[in-house]
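**Student:** Just dropping this structure here.
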Amino acid sequence: MSAVRINPSILAADFANMQAELARIAGADFVHVDIMDNHFVPNLTFGPQMVARIQDTSPVPLDVHLMIDQPERWAPEYAELGAASVTFHLEAATDPVALARRLRAIGARAGIAVKPATPIEGLFDVLDEFDQILVMTVEPGFGGQSFMPETMPKLRLLSDEARRRGSAVWLQVDGGISESTIAQAAEAGADTFVAGSAVFGAADPDTAISALRTTAAR
Ligand code: DX5
Ligand code: ZN
């Protein structure tokens, strides 16, 4: 395996002390920011104003994960405020390729996410329209859920196909990633790992990030 990226999810951080929480994950590759609208998922987080402040404050670039309906309405706004990557859900988008092209034109990495039950084969012919593909390893909506090992065959199928096509797309997993689950996701082909509770629930988040990185690279 070449690069391993660890993206802590601030969904598990203390929202009242965001600046201090961001300082605790200085060793992260990206800060994962979960946007939920209480329509696409049954939970609500925050919007562009909050993310703009996090962007101003964070020394680490932002990886925005939109769990929202009508991503066409909002995704470009996150790219414009400076997020390094913006990922929207395949299930919510009307024209995923067109939206990815808009995000790239603004200068962000374009990502597409699939829920655990969503087939991946439909993306095979358009892999290069995206910079990263997120295979959800829990049902989106909440942190602290258990990793779903039944999503691994889909990830492996995707990583085999990406390799076959010589694609440089990053393969991301999100949900229930910890010291005990990260190795199987890495083995199935993931190179980018979102972890919320496993990082912010640790006594020292930066040590937890290093440990996850080491286990994934093994
Ligand atoms: C879930 C979010 C995840 C979540 C991960 O819907 O997309 O990013 O924060 O949290 P953990 O690592 O605790 O499962
Ligand atoms: Zn997420």
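In our numbering, the protein residues as written are 4 to 221. In this text, a Cβ means the ideal position worked out from N, Cα and C, and glycines have one as well.
(1) Does the distance from the C-beta atom of residue 175 to that of residue 10 stay below 9 Å?
(2) Which runs of the alpha helix (DSSP H) at least 4 residues long sit entirely within the segment 78-146? Give them in chain order.
(3) Do residue 94 and residue 43 have their C-beta atoms closer together than 9 Å?
(4) Just the residues with CB closer than 6 Å to a heavy atom of the ligand ZN, in chain order, which are they?
(5) Within the present structure, is the beta-carbon of residue 187 separated from the nearest heavy atom of the ligand DX5 by less than 8 Å?
(6) Who are residue 11's beta bridge partners in DSSP?
(7) Would residue 31 and residue 194 qualify as a contact pair, given that the criterion is a beta-carbon distance under 9 Å?
(8) Would you say the beta carbon of residue 162 is closer than 8 Å to some non-hydrogen atom of the ligand DX5?
(9) Does at least one heavy atom of the ligand DX5 sit under 8 Å from the Cβ of residue 145?
(10) Can you check which of these residues, 100, 157, 214 and 212, is closest to residue 192 by C-alpha distance?
(11) Just checking residue 93 against the ligand DX5 - is the residue's beta carbon closer than 8 Å to any of the ligand's heavy atoms?
(12) Using DSSP with H/G/I as helix, E/B as strand and the rest coil, what is residue 36?
(13) Please report how far the alpha carbon of residue 4 lies from the alpha carbon of residue 52, in whole angstroms.
(14) Kindly indicate which three-state DSSP category residue 53 falls into: helix, strand or coil?
(15) Following the continuous beta strand (DSSP E) through residue 70, name the residue where it begins and the one where it ends.
**Tutor:** With the given structure in hand:
(1) Position 172 of the sequence shown holds residue 175. Position 7 of the sequence shown holds residue 10. For residue 175 and residue 10, yes; Cβs fall inside 9 Å.
(2) 99-109
(3) The residue given as residue 94 occupies position 91 in the sequence shown. The residue given as residue 43 occupies position 40 in the sequence shown. Going by C-beta atoms, residue 94 is nearer than 9 Å to residue 43.
(4) 12, 35, 37, 68, 177 and 197
(5) Position 184 of the sequence shown, counting from 1, holds the residue named residue 187. No, since every heavy atom of the ligand DX5 falls outside the 8 Å radius drawn around the Cβ of residue 187.
(6) Walking along the sequence shown from the start, residue 11 turns up at place 8. Beta-bridge pairing links residue 11 to 198.
(7) Within the sequence shown, numbered from 1, the residue matching residue 31 stands at position 28. Within the sequence shown, numbered from 1, the residue matching residue 194 stands at position 191. No; because the gap between Cβ atoms is not below 9 Å, this pair is not in contact.
(8) Residue mapping note: residue 162 aligns to position 159 of the sequence shown, counting from 1. Residue 162 Cβ: outside cutoff for every heavy atom of the ligand DX5.
(9) By one-based count along the sequence shown, residue 145 stands at place 142. Checking every heavy atom of the ligand DX5 against the Cβ of residue 145, one is found closer than 8 Å.
(10) Start at 1 with the first residue of the sequence shown, and residue 192 comes out as number 189. Among 100, 157, 214 and 212, the Cα nearest to that of residue 192 is on 157.
(11) The residue labelled residue 93 in the question sits at position 90 within the sequence shown. It does not: the Cβ of residue 93 is nowhere closer than 8 Å to a heavy atom of the ligand DX5.
(12) Taking the sequence shown and counting its residues from 1, one reaches residue 36 at position 33. Three-state result, residue 36: strand.
(13) One-based indexing of the sequence shown puts residue 4 at position 1. One-based indexing of the sequence shown puts residue 52 at position 49. Residue confidence for residue 4 is low, a pLDDT of 45 falling below 50, so the modelled location carries little weight; the figure read from the coordinates is stated next. Cα to Cα, the separation comes out at about 37 Å.
(14) Here the question's residue 53 lines up with position 50 in the sequence shown. The answer is helix: DSSP assigns residue 53 an H, G or I state.
(15) Indexing the sequence shown from 1 puts residue 70 at position 67. Here the beta strand (DSSP E) through residue 70 covers 65-70.
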